[in-house]
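Once you know that position 426 of the sequence shown is 551 in the numbering used here, the rest is easy, because the numbers rise by one and skip nothing.
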Amino acid sequence: MPTLFIQQSLAAIALAKDLNRAVHMSRFLGELLWKNSIGQYELIALENALIEKYAAQFNIDINSEKHTNFLHVLTKAYDTGGHTRIVERFINSDSLQDSAVLVTQNAGPHSFKKLSLAKNGYTQIDEQGDSHTKIQAILAVLAHCQTAILYIHPHDIETIIAVGIAKKYFSIDVLMYNHADHVFSYGYGVADRVLEISHFGWSLREQRQSDKKSVFVGIPIKLPEQAATAVARTDNAYLTAAGSAYKFKPAQGYSFPDFLSALTKKIDLPFILIGPKPWINWWWWPALLPKKLNTRRKIQFHPQMPHEQYLHYLRHTTAFIDSFPMTGGTAFPEILSMGVPCFGVLTGAHGYTPADQLKSVSVEQLTNDVVTYLKQRQRPDINSAQVINQIYEVHDTEQVAKRITTANDVQAACLAPLWDNPAAIDSAFYEKIWQEKKTFSFPLHTLPSIQILRHFIPYWCNSRKTTSH
């Protein structure tokens, strides 16, 4: 059931004096829910209400001749990581080559160059003065596609309004690629199919009211034509972990710094961390205290680096450890396909790759598994060949693209993830992390909405009182 805060917020948006005010309040609410995991994963009622209320304000007397089969719609296109790489892979696939790209906000120069190669063109919406102008510009592009595939930011309500109107008047199909499946997002109301990427997202279908819409497609990753065979190194090089700093921040009883302190007492190899910032990220400080001199000597930190240098570190590592509490995502199977022995822990927030079958059930077990491997240089209890085969079946770009093209088929509805999940998913994992926090995350992409904040602040204060008891 919606919380009082949600009910109050929806009522406030319903009273907005015009479209611009309604969009601003909805964007702020969406980002607030995106950044704060309160257990609210959709606002389908709000999507429907805004489309119904404002659709008549837009010009639909435009040419709707279909020029492309698939239109990939992004809020922003980034030069590094994330959903942008996914779209780049899709537009170069055989199954999705009949594609165009629409970016509704902005793109980095590298991404612009890559996405502009789409067979049927690239469109970027220039900065607009108001929401009406922007939505009308998005509509003009949507009218010419048969199927829109959404990779939007979770708070991008303007795109959702445009898509809802285009569905009504231009008969387009809508697929929502659920790339941020652990947080709130707009889009579940307008989507004909929700393209799922993990067991974690699959576990939230009922809470998102997408249980009859969800189809598993997976995450496309760049795999070698033939997977490299994992070869146990006889030389002692180093162990490696990599990822954005926040992925290593302790939560829910999982602490990578504590794990590293325990592990480095039992091994002689240095441990290289790529991404974390020890002098800024306070959670590393206890592991680096002077009294832990032996640990400090074994741990080396490197900032994020150019891709080729990053690959050099990985090719020469003795083993790779996935980040936790937050998983490194596709980096784990990518590195495994390079022939690097990989380890990790099943936290309950896993489920994005068959490579999870290589992970341990606890941090203690992970420590033992790594130490044992370094002594024996083998993992007799792991069927690596089977896991590699599943990785290619699940993550090969062409296989993912084919699943997308058949997502609207009746037979494909509710197609589940293609591998057995090795441990139970904790769908409330991020909600529990949020409950542990002393402060809430304030939206950075949207100017504050006083009407929404005046309802959220009491809700947040009350949630802290509940947690303290």
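In this text, a Cβ means the ideal position worked out from N, Cα and C, and glycines have one as well. These numbers come from a predicted model, not from an experiment.
>> Beta-carbon within less than 6 angstroms of residue 214's beta-carbon, same chain only, minus the 5 sequence neighbours each way: which residues are those?
In response: Working through the sequence shown from its first residue, we reach residue 214 at position 89. The residues 345, 522, in chain order, have a CB closer than 6 angstroms to that of residue 214 in the same chain once the five nearest residues on each side in sequence are set aside.
> Helix, strand or coil for residue 211 per DSSP?
Replying inline: For this step, residue 211 is matched to residue 86 along the sequence shown. Here residue 211 sits in helix by DSSP.
> Applying the criterion that 16 or more other CB atoms from any shown protein chain within 10 Å of the CB defines a buried residue, is residue 252 buried or exposed?
Replying inline: On the sequence shown, residue 252 is found 127 positions in, with the first residue counted as 1. Around the Cβ of residue 252, a 10 Å sphere holds fewer than 16 other Cβ atoms; the residue is exposed.
>> Give me, in chain order, the residues of the same chain whose beta-carbon lies closer than 6 angstroms to that of residue 372; leave out the 5 immediate sequence neighbours on both sides.
In response: Translated into the one-based positions of the sequence shown, residue 372 becomes position 247. 448, 451, listed in sequence order.
> For residue 142, which of helix, strand or coil comes out of DSSP?
Replying inline: For the purposes of this step, residue 142 is taken as residue 17 along the sequence shown, with counting starting at 1. The answer is coil: DSSP assigns residue 142 none of H, G, I, E or B.
> What first and last residue would you give for the beta strand (DSSP E) that runs through residue 249?
Replying inline: Residue 249 sits at position 124 when you count from the first residue of the sequence shown. Segment 247–249, the beta strand (DSSP E) holding residue 249.
> Out of curiosity, what's the CA-to-CA distance linking residue 468 and residue 575?
Replying inline: On the sequence shown, residue 468 is found 343 positions in, with the first residue counted as 1. On the sequence shown, residue 575 is found 450 positions in, with the first residue counted as 1. Each residue's alpha carbon lies about 46 angstroms from the other.
>> Assuming contact is defined by CB atoms lying nearer than 8 angstroms, are residue 322 and residue 289 in contact in what I supplied?
In response: Residue 322 sits at position 197 when you count from the first residue of the sequence shown. Residue 289 sits at position 164 when you count from the first residue of the sequence shown. No, the pair does not count as a contact, with Cβ atoms beyond the cut-off.
> Candidates 335, 496, 165, 209: which alpha carbon is nearest residue 555's?
Replying inline: The residue labelled residue 555 in the question sits at position 430 within the sequence shown. It is 165 whose Cα lies nearest to the Cα of residue 555.
> Given residue 171, which residues of its chain have a CB within under 7 angstroms of its CB, disregarding the five upstream and five downstream residues?
Replying inline: If you number the sequence shown from 1, residue 171 lands on position 46. Once the five neighbours on either side are set aside, the close Cβ partners of residue 171 are 135, 138, 151.
>> Between which two residues does the beta strand (DSSP E) holding residue 235 run?
In response: Position 110 of the sequence shown, counting from 1, holds the residue named residue 235. Residue 235: not part of any beta strand (DSSP E); member of the alpha helix (DSSP H) spanning 234–240, first to last residue.
> Smallest Cα separation from residue 621: which of 380, 389, 426, 386?
Replying inline: Because the chain here runs from 126 to 594, residue 621 falls outside it and cannot be looked at.
> How big is the Cα-Cα spacing for residue 581 and residue 169?
Replying inline: Position 456 of the sequence shown, counted from the start, is the residue given in the question as residue 581. Position 44 of the sequence shown, counted from the start, is the residue given in the question as residue 169. Their backbone Cα atoms lie some 19 angstroms apart in a straight line.
> Grouping DSSP H, G and I as helix and E and B as strand, with all else coil, what is residue 183?
Replying inline: Start at 1 with the first residue of the sequence shown, and residue 183 comes out as number 58. It is coil, neither helix nor strand.
> Of all the options 501, 181, 515, which has the alpha carbon lying nearest to the alpha carbon of residue 294?
Replying inline: As a working mapping, residue 294 is identified with position 169 in the sequence shown. Here the closest residue by C-alpha is 181.
> Can you tell me whether residue 351 is buried or exposed, with buried defined as 16 or more other CB within 10 angstroms of its CB?
Replying inline: Here residue 351 is taken as the residue at index 226 of the sequence shown, counted from 1. Classification of residue 351: exposed, given that the 10 Å Cβ count is below 16.
>> I need the boundaries of the beta strand (DSSP E) containing residue 276, first residue and last residue.
In response: Indexing the sequence shown from 1 puts residue 276 at position 151. Residue range 270–276 is occupied by the beta strand (DSSP E) that includes residue 276.
> Could you give the distance in angstroms between the alpha-carbon of residue 470 and the alpha-carbon of residue 270?
Replying inline: Sequence index remark: in the sequence shown, residue 470 carries index 345 (1-based). Sequence index remark: in the sequence shown, residue 270 carries index 145 (1-based). Approximately 43 angstroms between the Cα atoms of the pair.
> What residues are listed by DSSP as bridge partners for residue 376?
Replying inline: What you label residue 376 is simply residue 251 of the sequence shown in a count that begins at 1. BP columns for residue 376 point to 379.
> Skipping 5 residues on each side, what residues in its chain have a beta carbon closer than 6 angstroms to that of residue 485?
Replying inline: Within the sequence shown, residue 485 is the residue found at index 360, counting from 1. For residue 485, same chain residues with a beta-carbon under 6 angstroms away, outside a window of 5 residues either side, are 470, 491, 494 in chain order.
>> So, under 8 angstroms CB-CB, residue 287 and residue 264 are touching, yes? Tell me the CB distance rounded to an integer number of Å.
In response: Reading the sequence shown from its first residue, position 162 is the one you call residue 287. Reading the sequence shown from its first residue, position 139 is the one you call residue 264. Taking the Cβ atoms as the reference, residue 287 lies roughly 5 angstroms from residue 264, within the contact range of under 8 angstroms.
>> At the level of alpha carbons, what is the spacing between residue 167 and residue 311?
In response: Counting from 1 along the sequence shown, the entry for residue 167 is found at position 42. Counting from 1 along the sequence shown, the entry for residue 311 is found at position 186. Roughly 6 angstroms between the two C-alpha positions.
>> I need the straight-line Cα distance from residue 331 to residue 528, nearest angstrom please.
In response: Locating residue 331 in the sequence shown gives position 206, where the first residue counts as 1. Locating residue 528 in the sequence shown gives position 403, where the first residue counts as 1. For residue 331 and residue 528, the distance between alpha carbons rounds to 22 angstroms.
> Helix, strand or coil for residue 477 per DSSP?
Replying inline: Here residue 477 corresponds to residue number 352 of the sequence shown, with the count starting at 1. DSSP places residue 477 in coil when its eight states are reduced to three.
>> By the three-class DSSP mapping on this structure, what secondary structure does residue 427 have?
In response: Against the sequence shown, residue 427 aligns to sequence position 302. Residue 427: strand per DSSP, three-state reduction.
> Mind checking whether residue 333 and residue 533 have CB atoms under 8 angstroms apart?
Replying inline: Against the sequence shown, residue 333 aligns to sequence position 208. Against the sequence shown, residue 533 aligns to sequence position 408. Contact: no.
> What residue does the alpha helix (DSSP H) around residue 295 start on, and which one ends it?
Replying inline: Stepping through the sequence shown from its first residue, residue 295 is reached at position 170. Here the alpha helix (DSSP H) through residue 295 covers 282–295.
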